[in-house]
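In the numbering used here, the protein residues as written are -1 to 319.
Structure, rendered in structure tokens:
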């Protein structure tokens, strides 16, 4: 009589762990294999993915590759079995339509409102990019080309093609694109035009909050300031970014003695409270203009986003004082 051995029952809560072969489409052509795998194998520790590449378990067109290999259209990627953690239920993201300033088949440029993060993370469940993906399920790819602070409004570029994303990253790194912001600051700005060149260093507070300060050990940062108009004890400035450091405009202005109105990290708390009483409850920093060559055609684009209504209204209030 045959003997049957009872095995441990399968855990059906775990995803299947089988070899997968994926053909690379246009949306992922040009992407590094490690970044592709990190997104394709969500939840798998980075160390496991890099070990699978080193050991030759991950292959492209049946050959071994290094972790910096860039995928090409039509590549066949072998992904070995990887044990995934138990999947958490996906959080619902409200599909949101943001004002579009420019769009074609390669990029879409929106006018982001203040108070909305550009992506989820650091205590934020979702941001602009997740909301746009939810609103545009037909789009094969939507990726941030750059970032804006949560409390900053204005122009934000999103790539719809991998080739456009890579070209935009190169553009911002080589400072081919020109980015102009409008800021209302506390104080009477003196010079019509001024260059601020101060190195910036990122650090974490005791609570784990990200901050930036002027520090000789930091990275080079360059901002050009143009005076637009004076409003008594306040000044309206245009800031052109020549580098793209975190919180660059905010820290450069605050360090110079002219903090941005409404800035809860580097600004004046009493001034912020005064403006809240006037009905202004945000930071007055707006990404007003972008000038850059189209990442595919090379055509020079000049895009603008007018001041939000709440910003214009507070300027009207200051003008009457």
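Glycine residues also receive a C-beta, built at the ideal position from the N, C-alpha and C atoms.
C-alpha gap between residue i and residue j, whole angstroms
| i | j | result |
| --- | --- | --- |
| residue 36 | residue 29 | 11 Å |
| residue 317 | residue 150 | 23 Å |
| residue 4 | residue 18 | Reliability fails at residue 4, whose pLDDT of 38 lies under 50, so the model's placement of it is uncertain and the value that follows must be treated cautiously. Taking the straight line from one Cα to the other gives about 30 Å. |
| residue 202 | residue 147 | 17 Å |
| residue 226 | residue 283 | 14 Å |
| residue 113 | residue 52 | 43 Å |
| residue 167 | residue 110 | 20 Å |
| residue 70 | residue 138 | 17 Å |
| residue 11 | residue 129 | The predicted model places residue 11 with a pLDDT of 42, which falls under 50 and marks its position as unreliable; any figure quoted below should be read in that light. For residue 11 and residue 129, the distance between alpha carbons rounds to 28 Å. |
| residue 67 | residue 21 | 15 Å |
| residue 127 | residue 193 | 33 Å |
| residue 244 | residue 216 | 11 Å |
| residue 23 | residue 205 | 43 Å |
| residue 13 | residue 165 | Here residue 13 scores only 46 on pLDDT, less than 50, and its place in the model should not be relied on; the value that follows carries that caveat. Spanning the two alpha carbons is a distance of roughly 36 Å. |
| residue 8 | residue 271 | Confidence at residue 8 is low in this model, with a pLDDT of 38, below 50, so its placement is unreliable and the value that follows should be read with caution. Straight-line Cα distance between these residues: approximately 59 Å. |
| residue 105 | residue 240 | 23 Å |
| residue 186 | residue 115 | 31 Å |
| residue 63 | residue 81 | 22 Å |
| residue 6 | residue 131 | Any answer about residue 6 is weak, because its pLDDT of 40 lies below 50 and its placement is not dependable; what the coordinates show is given next. Their backbone Cα atoms lie some 41 Å apart in a straight line. |
| residue 269 | residue 179 | 21 Å |
| residue 2 | residue 32 | Note that residue 2 scores a pLDDT of 36, beneath 50, so its modelled location is shaky; the value from the coordinates is reported in the next line. If you take the alpha carbons of residue 2 and residue 32, they lie about 44 Å apart. |
| residue 299 | residue 50 | 43 Å |
| residue 253 | residue 246 | 11 Å |
| residue 214 | residue 44 | 33 Å |
| residue 142 | residue 125 | 11 Å |
Simplified DSSP assignment, three categories, for residue i
| i | result |
| --- | --- |
| residue 104 | coil |
| residue 175 | coil |
| residue 64 | coil |
| residue 44 | helix |
| residue 124 | coil |
| residue 311 | helix |
| residue 302 | strand |
| residue 59 | coil |
| residue 157 | strand |
| residue 20 | strand |
| residue 294 | coil |
| residue 49 | helix |
| residue 116 | coil |
| residue 270 | helix |
| residue 70 | coil |
| residue 317 | helix |
| residue 275 | helix |
| residue 33 | helix |
| residue 129 | helix |
| residue 6 | Low local confidence applies: a pLDDT of 40 at residue 6 is under 50, so the model's placement there is unreliable, with the coordinate-based value given in what follows. DSSP places residue 6 in coil when its eight states are reduced to three. |
| residue 12 | Confidence at residue 12 is low in this model, with a pLDDT of 47, below 50, so its placement is unreliable and no value can be given for it. |
| residue 249 | helix |
Contact under 8 Å by Cβ, residue i with residue j
| i | j | result |
| --- | --- | --- |
| residue 188 | residue 198 | no |
| residue 92 | residue 56 | no |
| residue 232 | residue 249 | no |
| residue 322 | residue 301 | Because the chain in this structure spans residues -1 to 319, residue 322 falls outside the shown range and cannot be described. |
| residue 26 | residue 160 | yes |
| residue 190 | residue 224 | yes |
| residue 153 | residue 288 | yes |
| residue 157 | residue 294 | no |
| residue 278 | residue 312 | yes |
| residue 181 | residue 140 | no |
| residue 155 | residue 95 | no |
| residue 170 | residue 136 | no |
| residue 315 | residue 276 | yes |
| residue 48 | residue 65 | yes |
| residue 200 | residue 208 | yes |
| residue 256 | residue 310 | no |
Beta bridge counterpart(s) of residue i as assigned by DSSP
| i | result |
| --- | --- |
| residue 181 | 235 and 283 |
| residue 221 | 194 and 239 |
| residue 201 | 209 |
| residue 263 | In the DSSP output, where bridge partners are listed per residue, residue 263 has none listed. |
| residue 152 | 110 and 285 |
| residue 258 | 183 |
| residue 77 | 18 |
| residue 227 | 234 |
| residue 141 | 157 |
Rounded Cβ spacing between residue i and residue j (contact assumed at less than 8 Å)
| i | j | result |
| --- | --- | --- |
| residue 238 | residue 177 | 7 Å |
| residue 290 | residue 175 | 4 Å |
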